[in-house]
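See below for the structure under consideration.
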Amino acid sequence: MAQDLKRKRANEADARGVKKRQLSEEPDDEIVDHEGDDAESAGASGSGDDEPMDAEEDLGGEDEEWGGIDAVEEVEGKENHRAGGKPKKPPTGEEVRSIKEATELFRSSSFKLQIDALLPNVRPKESRKAPLERFLLALHECILSTPSVPPQHPLEAARALLSPEPAQTPKGKQAKDKGKAKAAPTPVPIAVPYPLPLPTEDANWKVAFEKPSEILLVGSWANQVSVKAKDGLPWGVDIAVEMPSELFQEKDYLNGRFFHKRAFYIAAIARHIASSSKLNVELSYESANGDPRLTNLVLRPKNDDSPNDFTKLHAQVRIIPVLPSSSPIPLSRLAPHRSNFRVHNADSSEDPAHENLPTPLYNTNNTSVCYAETASSSSACPEARDPGLRRCSGTIAYLGEPARLWRGKAAVLEMLAMGEEPADKVNTKLSSKRRPLGKGLSSYQLFKAALDFLARYDFANERIFVKAKDGHRFPAQDYYAHHDVAFVDSPSLVNLLAGVPLSSLAMLQHDAKRTLQTLDSSSPSVDPFTEVFLKENRDLFTRFDAIMHIGLSSATLRHPSIHATLEHGSPAKALFASLDQILRAGLGPRVKALSLLHPSSESRPLTQAHPSTPSTIYVGLVFEPEHAFRLVDHGPAASETESEASQQFRELWGDKAELRRFKDGRIVESVVWDVKTADEKAYIPVMVVKHLLSRHFHIADDAVQSWQPAFDALVRLPESISSVYQSARIPAGFKSAMTAFDDLVKTIKSFDKELPLAVLNVSPISEYLRYTSVFAPVALLPSSASLLPPCGQFLPTMEVVLEFERSARWPDDLAAIQKTKLAFLERIAAALMAAKEGTLARVVVADALNASPIQDQASLEIVIPQGWAFAARIWHDREATLLDRLINEGVNVPKALQADKPRTAREREDALEARELYVRRFVHAPRHHRAVAALCHRFSAFAGTVRLVKRWLAAHWLLRSHVAVEAVEILCAHVFVGGGGSETVPGSKERGFAAVVEFFKDWDWTAGIFVPLYEEKGAAAEAAKSSVVVTAGHKGVWTIATDADKDGHMWTANGPDNIVALRVKAIAKATWDYLQQGTESGALEVKTLLVHPVDDYDFVVQLEPSVLPRYTQNVVADPTAWARKGKFANLQRQDGTPVVRPGFDPAQLFLDDVKRVHADTLRLFYDPIGGDRFGAVWDPSLKQPRPFRVMNHFSSIPVPQESEKAKEKEKALVTVNESAVLSEILRMGAGLVKT
Amino acid sequence: MSLSSLPQTISGFTVLPVSYSPKAHHILYIRSHSGPSKKSNDKGKQVWPEGRTLFLVNVPPDATDRELILLFQPTYAVEEEPESSSSSVEDSDSSGDHSDAEHPRKKRKLAKGEKAPAPAPKVTPLLPPTSLRILRKTGRTAHIVFLDASSIARALALPKPSKGQKVPQPRLWPAPDAPLGLAHYTALYDALRPPLDVVRQHADSYMELYDYNAAERKRKLQRESKYRKGEAIVDEDGFTLVTRGGAYGQAVGGGVGVASRKFVSGKTEEAAGGKRKRRKGEKEKAGFYAFQVHEKKRKELMDLKSKWEEDKAKVEKLKSSRKFKPY
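Same order as they appear, the protein sequences are chains A and B. Take 1 as the starting number for the first sequence in UniProt numbering and just add one per residue. Take 1 as the starting number for the second sequence in UniProt numbering and just add one per residue.
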């Protein structure tokens, strides 16, 4: 019942909408405010006479089980309550209805409110429209008063317009006309934008000008669906000027003659407007999509405070000449299969087939000129039919905006012209196969339906015809045969997608899918509204997995064709079309979407006839991770060697194509990409593009710039060091590290006899064993260590956790447990050394000062014969219980039952700390390790992303000391599994990195996030939604919750604090801005992203690079630090056989000490990965003099007192002794600090 | 800051500038140690001999005992060496991120063992006594015990300007006796990797001591307790105390571990209460009376509205923060 009524109501609303529409259309320039109107007409329609009925039905609808009668009762009941003097009134029926509508028809009520709040901001301001209306009237008048130009030869006419002199008119009458019109100043020279093929001298037809038969306001402005453009572009107001039909002849469809006439027509209007004093405007040409055939005139106001100065509205008026419906050009000549070019040159005349190639694009352009009027009238009717639509199409157009993007600065996708048009028509008028959508849908529902259409529609293979009343004009087969894509609207004139490259459509589809997934995502950490409508989605680095910057200056087609040039309108357009086609064919399933981005065709001065062509373009790829990195492209089978398919294949790939026999016996044409390492696999798509570009467009490799290698270099050792590793055959890399680990596990597990307890589990907890360390792990043998310079001898240790079978024989005392561990480790060490020759195992104990005796402190350092180093620790689960007992003791237990001696607060603190360490090291770390390792397998780009992000944070002196590596891993995982849906998952590490930087830039950490890092998804996410409670301690402000860690402070308990978190944000913002700028200008230096500014630090200490074992990992490592000093290249290093010290990093130890010693004085920042400098900031409060205390915790110096008297009375003041602290640091770092 | 402007005393402390290098001066504050403070009544704290102890504030973090001794030695006659390293530099920091070094603890444990009549096994030290310095937190305090009381006065008079000079000359810090910087870290790294046999001996001897102590404690308990293992614990009124573990679980009688885990964690009462309440709630029928239905519905509507208002307010807030101006 409720449904029926709802529909009925919607119908009423429709009727009202129609009425209003008609009213508003009659006075064309009086525009009624519709903003709130829609909301109200939908929501508050019942506020009039039909209130009781509405209320009733609504309540009935809410609660079905009670039926109609009770609903009435309910209303009465409500009245009673109200009478009963309750403090709060229940909502009225009306309110309930609008609330219900908001919640049920939209994603959520807040979503609707947000849309409502957004829309006024993207619509033109009513108050500023009036001058525009006045201007339009004046313009109308002005155009109508344009003097007619009698027919003349096209070139002559053009010359006349170009000359600054008054036109030398061949005919007296025209001279008079011109003379009359030109009381105005000397006219500006104007070039007539004749498109190719240019008219020749022997043209036997004439161009002329007559005043337009009609002038109409068309397009989105007239339909009130226009939305604000990006990048501060002005609003567009489109005016269709109907050229009188007598100017045209039947044969005008041939060889672009129609367009020539149109070009002259527009030039004539331009001439008149420029010379008329009434309109104070700037005139320029603009070609839609850079197609010179579709050149229009653009008028921008000059700021002069006259009544029709609409500068404030920030709009521009575009004059588009159109053909009247009664034009003499027969439409049948413009069907897709018709050929309308007669190319007369030597080549083509020999080949008659070539001459008659169909010219679908040309034809479409031709027809589209006739289209404007009908389009506007037809799009008006669906508007009227559904009041929700206008809002919706506003929304869509708005969303289309991110897609249509690149407009101003960066580049433009060609599809953008169609952003609005097809999109909003799809909703209501439908393709023959698609059923119409129901009426009365909310704008959100329509919006989603449109997205759904875009996301699912198979552009390449389907042709869409909007249902028309009287069938379509041209048969569908024509479209299938001659258009790549087709979307024909109901007047059946134009293929709206003609000339739109398939790749752009794929990109649009990709974006639509992404948006849909965002809208559908249930993840609590994603706000779909912000994500969809507010976030900038067109940044190159987060949008594409690979970006290439291509210089087109040397680009030439392999098979240049005049026909293609004419068909596409200009050589540049033809080049783009064939680029698109070839890249698409070459990349095939490797990419989900591919897009060519070039600067949009900007408006140009009237003296420039043709749009300028871009000299560079960007190619953006979105990888399909399954196929993107495969090594072989298979072609057709060999059996059909001479078939067309194999020829095409060879044509496409050139000499790369070869016949190969595969293991399964097939012999097929194929292309094999050779890569040296697994890392280089990521380059393959770019290699493909480069190869195709050089083969088909003669674009040299150095004209193609991609940033992948530069990013890769950030996580690689410098060449001079890595070559040593290679030549000495030292094992390196994640794979061999893991193999070594597996071997070690096997060996340890085989020690049944040597150990009193069997080893149950060996779990790795090191980033080196889960692909996420910045540098791949390396092994180091004492024998080969001498080959490496002292500043490149860092041997990372990989931490593992040993778990023994349970036993009751462990001592029940924490300190004793630690000693027992020592005994165990000693046994293992002995067994290991006995089992394998060359293994070195040592027990490492903790520095006495830093570890309390109850804390896990001993580890076993194992260096296996291949040179890999491990550090093993023992997990004993009884420790947790004992620690808990220590901590909770005395809380709930009655005094009588307590242990004999009461614990001091100090012991409790120790226990707390020990337990934190225990939980982190033995409970969370192995689990985290498994989850991250699994993610690395699931997403090929994940590991690379983490490595880049770590490198970036480290280079900015934040990693490890302020941001734990595990926290970084979880945050990176957020980009991959955080609920954006599969389409947002980065396919390359560069995109992943950019996404993480963007996340850091926008992250409001006070809210905390939830990352479904561990497999169980849905239920866990729901549960966690409520449990992300932000408890910002002063030490760590980030809350990163996972399923295993509901509080979200496991890895962020020790930082970053508020200051550092703000710093992360600031650095992310700077990095992001640089990425943006760099890609736009094409001069991105990747290393610059990691250059850390040091101006903010109070002092920066330079370390001596040659003694730092990790220095070679420095971002800007200076090779002279490890250059051989001696005379002879083959001389061994003097320092004798170097001792390999696994994991020894004196800089790290030193800085940890400084940090600890001066914890209350300084805040330290340094790069743990090969940094050779560190910076520090004084605690600002210490600079103020403060009273002397015994326990000041900083090195102080008395402040001199002003007078002797004061000294006696007041507390003596001290302040921080900066020079003493500095000298202390120098002392502690003797030999490390460069003096 | 020039030294001339330094006051000579501050809050009862004598200011003693110390120089490491010509440029930088570290400031030590010294005073003779006076009486036990309230805190030092705690057991475990050492009592410093009154009159012979010098109290130092703001000890350089990298100072070793030997360096401290040397600092006060040259101008004066024999002084008693201050107590062993870690105890002389008193750990007065209550924040607790540093524990005492291992040695004193073990010593204390040893001491405990020594009280027993039977000789306790000795623990082999894990780390050889090295001369490595221990870097402590900055701004700490220390006590130095002199041989006789007169030395104190002379020590306190140190900063007084000598004849002919107006400004007190800073004392030169003695030459370092332990490696610093890179050498320190290298030595420390190697020291933390003791030979395996030492580790083994240490672990074994420690466990021996542990067992010995455990046995000792047990014996002591048994001596003191009037209850014997395996015997029921009966109080004056004749009630038998039931203990967990029975005859074999606990060493002696006396309810050490009687409380169940639930009891300890304090959840028992809550859980029980919750259960009781739920049972009560189940009995009440939700939609039995018409007014209940009305109330429920009304509440739903009210909730709906309030949520709506909330959302509205939220969006208003966002609006005011100009969030809706995307570009």
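Ideal Cβ placement from N, Cα and C applies to all residues, glycine included.
Span of the beta strand (DSSP E), counted from its first residue to its last, around Arg873/A: The residue labelled residue 873/A in the question sits at position 873 within the first sequence. Unbroken beta strand (DSSP E) run through Arg873/A: 869-875.
Sequence-distant residues of its chain with Cβ nearer than 6 Å to Val1100/A (five each side left out): Within the first sequence, residue 1100/A is the residue found at index 1100, counting from 1. The answer, listed in chain order, is Val1094, Arg1173, Gly1175.
Backbone secondary structure at Ile1169/A - three-state DSSP: Here residue 1169/A corresponds to residue number 1169 of the first sequence, with the count starting at 1. Here DSSP, grouped into helix, strand and coil, assigns Ile1169/A to coil.
Length at least 4, wholly inside the region 810-839 of chain A: the alpha helix (DSSP H) runs in chain order: As for any alpha helix (DSSP H) of minimum length 4 sitting wholly inside the region 810-839 of chain A, the runs are 814-835, ordered along the chain.
Test item: CB-CB of Leu192/B and Val844/A under 8 Å: Within the second sequence, the letter at position 192 stands for residue 192/B. Within the first sequence, the letter at position 844 stands for residue 844/A. Cβ atoms of Leu192/B and Val844/A: closer than 8 Å.
Distance, Ala1061/A Cα to Leu971/A Cα: Mapped onto the first sequence, residue 971/A falls at position 971. Mapped onto the first sequence, residue 1061/A falls at position 1061. Going by the C-alpha atoms only, they are around 14 Å apart.
Ile27/B classed as buried or exposed, judged by whether at least 16 other C-beta atoms fall within 10 angstroms: Locating residue 27/B in the second sequence gives position 27, counting from the first residue. Burial is judged here by how many other beta carbons sit within 10 angstroms of a residue's own beta carbon; Ile27/B has at least 16 and is buried.
Inter-residue spacing [alpha-carbon to alpha-carbon] between Val622/A and Lys1035/A: One-based indexing of the first sequence puts residue 622/A at position 622. One-based indexing of the first sequence puts residue 1035/A at position 1035. Cα to Cα, the separation comes out at about 40 Å.
Proximity winner among Lys989/A, Asn296/A, Ile1040/A, relative to Gly1055/A (alpha-carbon distances): Here the question's residue 1055/A lines up with position 1055 in the first sequence. Checking every option, the nearest Cα to that of Gly1055/A belongs to Ile1040/A.
CB of residue 1289/A within 8 Å of CB of Pro986/A, strictly: Residue 1289/A lies beyond the residue range present for chain A, which begins at 1 and ends at 1235; the question has no answer from this structure.
Alpha-carbon to alpha-carbon, Ile730/A and Leu780/A: Locating residue 780/A in the first sequence gives position 780, counting from the first residue. Locating residue 730/A in the first sequence gives position 730, counting from the first residue. So the alpha carbons of these two residues sit roughly 7 Å apart.
Span of the beta strand (DSSP E), counted from its first residue to its last, around residue 1240/A: This structure gives no information on residue 1240/A, because the portion of chain A shown stretches from 1 to 1235.
Span separating the alpha-carbon of Ser19/B from that of Ser1223/A: Residue mapping note: residue 19/B aligns to position 19 of the second sequence, counting from 1. Residue mapping note: residue 1223/A aligns to position 1223 of the first sequence, counting from 1. Rounded to the nearest angstrom, the two C-alpha atoms are 10 Å apart.
Segments assigned alpha helix (DSSP H), at least 4 residues, entirely inside the UniProt domain "Nrap protein" (541-698) of chain A: You should have 562-568, 571-587, 644-653, 684-697.
The region 191-213 of chain B: positions lying closer than 8 Å to chain A by Cβ: Answer in chain order: Leu192, Arg193, Pro194, Leu196, Val199, Arg200, His202, Ala203, Asp204, Tyr206, Met207, Tyr210.
C-beta atoms of Ala191/A and Leu454/A nearer than 8 Å: As a first step, residue 191/A is located in the first sequence; it is residue number 191 there, counting from the start. As a first step, residue 454/A is located in the first sequence; it is residue number 454 there, counting from the start. No, they are not a contact pair.
Validate contact between the region 234-247 of chain A and the region 314-321 of chain A using beta carbons, cut 8 Å, 3 pairs: Yes, the region 234-247 of chain A is in contact with the region 314-321 of chain A.
Proximity test, Cβ basis, 8 Å: Asp1004/A and chain B: Here residue 1004/A refers to the residue found at position 1004 of the first sequence. Contacts with chain B at 8 Å (Cβ-Cβ) do not include Asp1004/A.
Cβ-Cβ distance between Leu1226/A and Leu948/A below 8 Å: Here residue 1226/A is taken as the residue at index 1226 of the first sequence, counted from 1. Here residue 948/A is taken as the residue at index 948 of the first sequence, counted from 1. Contact: no.
Own chain, CB closer than 6 Å to Ser40/B, minus 5 neighbours either side, in chain order: The residue labelled residue 40/B in the question sits at position 40 within the second sequence. Low confidence applies here, because Ser40/B scores a pLDDT of 44, under 50, leaving its location unreliable and the question unanswered by this model.
Three-way DSSP call (helix, strand, coil) for Leu788/A in this model: Here residue 788/A corresponds to residue number 788 of the first sequence, with the count starting at 1. When DSSP states are grouped into helix, strand and coil, Leu788/A belongs to the coil group.
Beta bridge counterpart(s) of Gln152/A as assigned by DSSP: Numbered from 1 along the first sequence, position 152 holds the residue referred to as residue 152/A. Paired residues: Val207/A.
Proximal residues of chain B, C-beta to C-beta of Arg873/A below 7 Å: Numbered from 1 along the first sequence, position 873 holds the residue referred to as residue 873/A. Contact of Arg873/A with chain B by beta-carbon distance below 7 Å is absent, the smallest such distance being about 15 Å.
Within 7 Å of chain B by C-beta, residues of the region 105-133 of chain A in sequence order: From the region 105-133 of chain A, only Ser109, Ser110, Leu113, Gln114, Ala117, Leu118, Asn121 have a Cβ closer than 7 Å to chain B.
Alpha-carbon to alpha-carbon, Leu216/A and Val672/A: The residue labelled residue 672/A in the question sits at position 672 within the first sequence. The residue labelled residue 216/A in the question sits at position 216 within the first sequence. Between Val672/A and Leu216/A, the C-alpha separation is close to 58 Å.
Proximity test, Phe288/B beta-carbon vs the ligand SAM heavy atom, cut-off 7 Å: The ligand SAM is not part of this structure, which contains no ligands at all.
Status (buried if at least 16 other CB within 10 Å, exposed otherwise) for Leu505/A: Counted from its first residue, the first sequence places residue 505/A at position 505. By the Cβ neighbour-count rule, Leu505/A is buried, with 16 or more other Cβ atoms within 10 Å of its own.
Pairwise C-alpha distance: Ala268/A and Ala102/A: As a working note, residue 102/A is residue 102 in the first sequence. As a working note, residue 268/A is residue 268 in the first sequence. Going by the C-alpha atoms only, they are around 53 Å apart.
Cβ-Cβ separation, Arg915/A to Glu799/A (assumed contact under 8 Å), whole Å: On the first sequence, position 799 is the one that residue 799/A refers to. On the first sequence, position 915 is the one that residue 915/A refers to. No, Glu799/A and Arg915/A are not in contact; Cβ-Cβ is about 19 Å, not under 8 Å.
Whole-angstrom distance between Trp1005/A and His962/A, CA atom to CA atom: On the first sequence, residue 962/A is found 962 positions in, with the first residue counted as 1. On the first sequence, residue 1005/A is found 1005 positions in, with the first residue counted as 1. The alpha-carbon separation between His962/A and Trp1005/A amounts to approximately 15 Å.
Test: Gly1008/A CB closer than 8 Å to a CB of chain B: Start at 1 with the first residue of the first sequence, and residue 1008/A comes out as number 1008. Closer than 8 Å: no.
C-alpha distance - Ala155/B paired with Thr14/B, whole-angstrom precision: Within the second sequence, numbered from 1, the residue matching residue 155/B stands at position 155. Within the second sequence, numbered from 1, the residue matching residue 14/B stands at position 14. When rounded, the distance between both Cα atoms is 10 Å.
Buried or exposed by the 16-neighbour rule on C-beta atoms within 10 Å, applied to Ile1169/A: Residue mapping note: residue 1169/A aligns to position 1169 of the first sequence, counting from 1. Classification for Ile1169/A: buried.
Opening and closing residue of the alpha helix (DSSP H) in which Gln1076/A lies: To locate residue 1076/A, count along the first sequence from 1; it is residue 1076. Residues 1058-1081.
Closest residue to Pro782/A among Arg1141/A, Met1050/A, Ala555/A (Cα-Cα distance): As a position in the first sequence, residue 782/A is number 782, starting the count at 1. A check of alpha carbon separations from Pro782/A across Arg1141/A, Met1050/A, Ala555/A identifies Arg1141/A as the nearest.
Environment of Leu508/A [buried if 16+ CB atoms lie within 10 Å]: Counted from its first residue, the first sequence places residue 508/A at position 508. By the neighbour-count definition (other C-beta atoms within 10 Å, threshold 16), Leu508/A is a buried residue.
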